[in-house]
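Start counting the sequence shown at 6; every next residue gets the next number (the numbering used here).
For every residue, glycine included, the Cβ atom is placed at its ideal position computed from N, Cα and C.
Taking it in order: structure first as structure tokens, then the write-up.
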Amino acid sequence: MRCSVASSGTSCDWHSHPFEELTLVTDDKATIGYCGQKHQLEPNTLCMYRRGEHHGEWCLGQQAPRFWVVHFSASPECDGPIAQLSEAPPYERIWRLSAEQGETFKWYFLQMFNERAQDRSQSSMAESAWLRLLLVLILRWAQSENAVPLTPAGIHAGVMRLWHLVNATFWQIGRA
């Protein structure tokens with residue numbers, strides 16, 4: 006899992022990997038590569054890449070999007086929602102989310118991140134449960150259901166700024 010702010014000129018060229026990926030683009034437009042073509046995405050756009058699918062990200066001009074990325078391998082319990090989401094052609098696995106849906110995705114992301122970052126009993130089970138709930142919500146959004154988000158009233162802006170600061174520092178230290 007990672008959440009990173011890309012700066013102008015940065016890229017993650019065409020690649021694939023042996024696991025699933027969810028990427029939510031926020032804060033600015035982004036250019037992604039998918040299905041052999043480059044696409045301009047608006048903020049609050051969610052992409053689902055299946056294992057082995059080629060994709061990439063490029064920041065053109067003054068673009069500075071934030072990418073909320075979740076890599077995962079599906080357990081048998083997740084196969085149902087993933088199979089249903091995967092029935093659609095790859096270009097139909099790019100969804101423009103409402104602001105509320107974008108906030109919901111970020112809230113679930115933070116719940117998974119919290120479980121991963123803490124050394125508590127049953128953390129992996131809790132992280133998996135949050136992911137399964139998120140996949141169910143994404144499936145409902147993809148089917149245009151009016152899914153009621155299962156989140157608190159919202160994430161306080163100050164808490165979110167602090168989380169981004171800590172996350173950015175973590176990635177800088179990790180690269181040193």
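Got a sec? Which residues, its chain only, sit under 6 Å from residue i by beta carbon, not counting five neighbours each side?
i	result
V74	R7, T28
Y96	C40
E26	Y54, H76
K43	T36
Is it right to say residue i is buried, meaning 16 or more other beta carbons lie within 10 angstroms of its own, or is it exposed?
i	result
P94	exposed
V217	Residue 217 is absent from the structure shown; the chain starts at 6 and stops at 181.
R98	buried
A79	buried
T50	buried
E132	buried
If contacts are defined as beta-carbon pairs under 8 Å, then residue i and residue j qualify, I think. What distance do you get, rounded to the angstrom?
i	j	result
A35	W100	Going by Cβ atoms, the distance from A35 to W100 rounds to 14 Å, so no, they are not a contact pair.
L90	L144	6 Å
W76	F24	Position check: residue 76 holds His in this sequence, whereas Trp was assumed. The pair is a contact, with the Cβ atoms about 5 Å apart (cut-off 8 Å).
E62	S12	About 12 Å; that fails the 8 Å criterion.
P70	D18	Their Cβ separation, rounded to whole angstroms, is 16 Å, which puts P70 and D18 out of contact at 8 Å.
F72	S9	6 Å
Enumerate in chain order the residues of its own chain whose CB-to-CB distance from residue i is below 7 Å, with the five nearest sequence positions on each side excluded.
i	result
S149	none
Q45	K34, T36
G14	C64
S113	In the sequence under discussion, the amino acid at residue 113 is Tyr, which differs from the Ser named in the question. So the list reads W135, L138, L139, once near-sequence residues are dropped.
D124	none
Might you give, ordered along the chain, the residues of its own chain that have their beta carbon closer than 8 Å to the beta carbon of residue i, omitting 5 neighbours on each side?
i	result
V141	P86
A104	N49
S128	E120, R121
Could you tell me which whole alpha helix (DSSP H) segments of length 4 or greater appear in the segment 19-106? List check, alpha helix (DSSP H) in window: 84-91.
Determine contact between the segment 109-126 and the segment 53-71, defined as no fewer than three beta-carbon pairs at a distance below 8 Å. Segments in contact, no.
Count the C-beta pairs between the segment 112-125 and the segment 56-67 that are closer than 8 Å, then say yes if the count reaches three, no if not. Judged by Cβ distances under 8 Å, the segment 112-125 makes no contact with the segment 56-67, as fewer than three pairs qualify.
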